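Here the structure is laid out as structure tokens; the discussion comes afterwards.
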Amino acid sequence: MTTTPTIEPDDGSVLTPDISTAALHPEPGPTGTEPDARRLGELLGHPADARHIALVGLFALAVLYTLHFAQEFFLPIVLAVLLDFLLSPLVRGLRKLRIPEPAGAGIVMLGLLGLVVFGIWYLSGPAAEWLSRAPESMATVQEKLETLRRPMQRVSEAAQQVERAATVSAQEAQQVEIKGPSLISQLFGGTTAFMSAAIVVVFLTYFLLAVGDLFLQKLVTVLPQFKDKKKAVSIARETESQISTYLLTATVVNLGVGIVTAVALALVGMPSAVLWGVVAAILNFVPYVGAVVNMGILGLAALLAFDTPGEALMVPAVFFGINMIEGNLVSPMIIGSRMQLNTVALFIGLIFWWFLWGIPGAILAVPMMAAIKIVCDHIESLAPIGEFLGK
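Throughout, the numbering used here is defined as the position within the sequence shown, counted from one, plus 242.
Structure below.
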């Protein structure tokens, strides 16, 4: 027969410990029993569990899929907002001259459309000529490149032998012809989509310029607390200031690059120098990659325009020198560190937006990342992301 142990204190009373639940169901200790996700959340400064992390991950994947799948919807909106940042100072300047914002927005948009239409009309002839010559000129380019391939002639001969063997084997196999969409259908479909997006951008930009700060006023009215109203106004003003300043200075710099490129190429005898200056100005909006692509395009065009590879190499070499001066002297002095984006984050963001939206995403990557950084800097929970993007 077992008995419950008793403890007799000095005053003579008897204490009986309760072992009915304490021994059978011990409470968890302070460490070693919490889930790993919760401990991770405590280290990060906010509570987290596995469900919270899973929901955040699923939400991020859903956002990325939506941005990629619905790019025809989001891309014109983003472009219109950025054009609003760029052109709104002009509308404000006209408002100081007692021109109402709707009328000022109409004047600015008509001027912009006039410049675009004139540029397309002026450059359509040279561009069409180069495009029409491109298919027949590939043989000429290949012949000129043969002079550069002579040091690797043995490798080329071996490759030709392998190609002959593969051709013999291919003749014995059944040939399957796959026909894709015709050039006319591709051009018509691409032109239709482009014109639809352009119309959306034009009208949305006009409405954004015409209403001015209407959406910001509505947002301030909806927010309940004064500190939230103040934060919203601060984010909006800083974003507009930095993005408009960047777009304006980048446009001026790239316009200068286009003019200098056109003059330099005209001096070395490159045909349609103005066309290549415009191409250089547009591609220069894409950091890093734009200059490389432009050098490749200029190199191929120069092979068609000049008789010898040595003369053709002068064209990309001239543009390389212009790009080095712009990237190492002009842009740091004019743009400086206003965007406050580090190089690694900028390059990763460039690849990210290129993957999502193609070439338009790469062109818009810098201002979009700058806007994201400004928002993250003003929201405490997103401050680590802003720190990662900054210098």
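Every residue gets a Cβ at the ideal spot worked out from N, C-alpha and C, and that includes glycine. All values derive from a computational prediction rather than experimental measurement.
- For residue 564, collect the residues of the same chain with a Cβ closer than 7 Å to its Cβ; drop the 5 residues on either side in sequence, then sort them by chain order. To locate residue 564, count along the sequence shown from 1; it is residue 322. If we look at residue 564 and ignore the five residues flanking it on each side, its Cβ neighbours are 499, 502, 503, 506.
- Which of the three DSSP states, helix, strand or coil, is assigned to residue 549? Counted from its first residue, the sequence shown places residue 549 at position 307. Three-state DSSP puts residue 549 in coil, outside helix and strand.
- Message: Quick check: residue 442 and residue 344, are their CB atoms within less than 8 Å of each other?
- Response: Here residue 442 is taken as the residue at index 200 of the sequence shown, counted from 1. Here residue 344 is taken as the residue at index 102 of the sequence shown, counted from 1. Going by C-beta atoms, residue 442 is not nearer than 8 Å to residue 344.
- DSSP-derived helix/strand/coil call for residue 583: Within the sequence shown, numbered from 1, the residue matching residue 583 stands at position 341. DSSP places residue 583 outside both helix and strand once states are collapsed to three, so it counts as coil.
- Item | Cβ-Cβ distance between residue 348 and residue 337 below 8 Å | Taking the sequence shown and counting its residues from 1, the one referred to as residue 348 is at position 106. Taking the sequence shown and counting its residues from 1, the one referred to as residue 337 is at position 95. Taking 8 Å as the Cβ cut-off, residue 348 and residue 337 do not qualify as a contacting pair.
- Query: When DSSP labels each residue in this structure, what does residue 272 get in the three-state scheme?
  - Reply: Along the sequence shown, read from residue 1 onward, the residue named residue 272 stands at position 30. Low confidence applies here, because residue 272 scores a pLDDT of 48, under 50, leaving its location unreliable; read the following figure in that light. Residue state, collapsed to three classes: coil.
- Query: Excluding the five sequence neighbours on either side, which residues of its own chain have a C-beta within less than 6 Å of the C-beta of residue 614, listed in chain order?
  - Reply: Position 372 of the sequence shown holds residue 614. The answer is none, since no qualifying residue turns up.
- Message: How far does the alpha helix (DSSP H) with residue 633 in it extend, from its first residue to its last?
- Response: Here the question's residue 633 lines up with position 391 in the sequence shown. For residue 633, there is no enclosing alpha helix (DSSP H), since its DSSP letter is neither H nor E.
- Report yes or no: is there a C-beta of chain D within less than 8 Å of the C-beta of residue 608? Although the question refers to chain D, the structure presented lacks it and comprises just one protein chain.
- Pairwise C-alpha distance: residue 548 and residue 515: Working through the sequence shown from its first residue, we reach residue 515 at position 273. Working through the sequence shown from its first residue, we reach residue 548 at position 306. Cα to Cα, the separation comes out at about 14 Å.
- Message: Any contact between the region 540-554 and the region 618-629? By contact I mean 3 or more CB pairs, one from each, below 8 Å.
- Response: The region 540-554 vs the region 618-629: no contact.
- Quick one: residues in its chain with C-beta nearer than 6 Å to the C-beta of residue 618, no 5 flanking neighbours on either side, listed in chain order? To locate residue 618, count along the sequence shown from 1; it is residue 376. A distance below 6 Å between beta-carbons, with the five flanking residues on each side excluded, links residue 618 to the following residues of its chain, in chain order: 624, 627, 628.
- Query: Who are the near neighbours of residue 285 in its chain, counting only those whose CB is closer than 8 Å to its CB and skipping five residues on each side?
  - Reply: Taking the first residue of the sequence shown as position 1, residue 285 is located at position 43. In this prediction, residue 285 has a pLDDT of 47, which is less than 50 and means its spatial position is unreliable; nothing more can be read from the coordinates.
- So residue 530 and residue 609 are in contact, right, with Cβ under 8 Å, and what is the actual spacing, rounded? Residue 530 sits at position 288 when you count from the first residue of the sequence shown. Residue 609 sits at position 367 when you count from the first residue of the sequence shown. Between residue 530 and residue 609, the beta carbon gap of about 16 Å keeps them out of contact (Cβ cut-off 8 Å).
- Please classify residue 574: is it buried, with 16 or more other beta-carbons within 10 angstroms of its beta-carbon, or exposed? Here residue 574 corresponds to residue number 332 of the sequence shown, with the count starting at 1. With a threshold of 16 other beta carbon atoms within 10 Å, residue 574 falls short and is exposed.
- Message: Using only CA atoms, which one of 518, 569, 301 lies nearest to residue 365?
- Response: The residue given as residue 365 occupies position 123 in the sequence shown. Across the set 518, 569, 301, the C-alpha of 518 shows the shortest separation from the C-alpha of residue 365.
- Task: Could you check the C-alpha separation between residue 183 and residue 300 for me, to the nearest Å?
- Result: Beyond the ends of the chain as shown, which are 243 and 633, falls residue 183; an answer cannot be given.
- C-beta contact flag for residue 586 and residue 510 at 8 Å: The count along the sequence shown starts at 1 and reaches residue 586 at position 344. The count along the sequence shown starts at 1 and reaches residue 510 at position 268. Not in contact: residue 586 and residue 510 (Cβ atoms no closer than 8 Å).
- Candidates 520, 593, 595: closest to residue 561 by CA position: For this step, residue 561 is matched to residue 319 along the sequence shown. The shortest Cα separation from residue 561 among 520, 593, 595 belongs to 520.
- Message: Only counting the same chain, and skipping five residues up and downstream in sequence, which positions put a Cβ closer than 7 Å to that of residue 599?
- Response: Here residue 599 refers to the residue found at position 357 of the sequence shown. Answer for residue 599: 313, 317, listed in chain order.
- Give the DSSP-derived three-state secondary structure of residue 619 in the structure shown. In the sequence shown, counting from the first residue as 1, residue 619 sits at position 377. If DSSP states are grouped into helix, strand and coil, residue 619 belongs with the helices.
- Task: Output the distance between the C-alpha atoms of residue 333 and residue 350, rounded to the nearest integer angstrom.
- Result: Your numbering for residue 333 matches position 91 in the sequence shown. Your numbering for residue 350 matches position 108 in the sequence shown. Each residue's alpha carbon lies about 7 Å from the other.
- Query: Looking only at its own chain, which residues have a Cβ that is under 6 Å from the Cβ of residue 276, when we skip the five neighbours before and after it?
  - Reply: Within the sequence shown, the letter at position 34 stands for residue 276. With a pLDDT of 47 at residue 276, under the threshold of 50, the predicted position of this residue should be treated as unreliable, and no value is reported.
- Less than 8 Å separating the beta-carbons of residue 612 and residue 583? Here residue 612 refers to the residue found at position 370 of the sequence shown. Here residue 583 refers to the residue found at position 341 of the sequence shown. Their beta carbons are under 8 Å apart, which means residue 612 touches residue 583 by this criterion.
- Task: Classify residue 357 as helix, strand or coil using the three-state DSSP reduction.
- Result: Locating residue 357 in the sequence shown gives position 115, where the first residue counts as 1. In this structure, DSSP gives residue 357 a helical state, which the three-state scheme calls helix.
- Assigned exposure category for residue 568 - 16 Cβ within 10 Å defines buried: Indexing the sequence shown from 1 puts residue 568 at position 326. Flag for residue 568 reads buried.
- Message: Mapping the DSSP letters down to three states, classify residue 340 as helix, strand or coil.
- Response: Taking the first residue of the sequence shown as position 1, residue 340 is located at position 98. Residue 340: coil per DSSP, three-state reduction.
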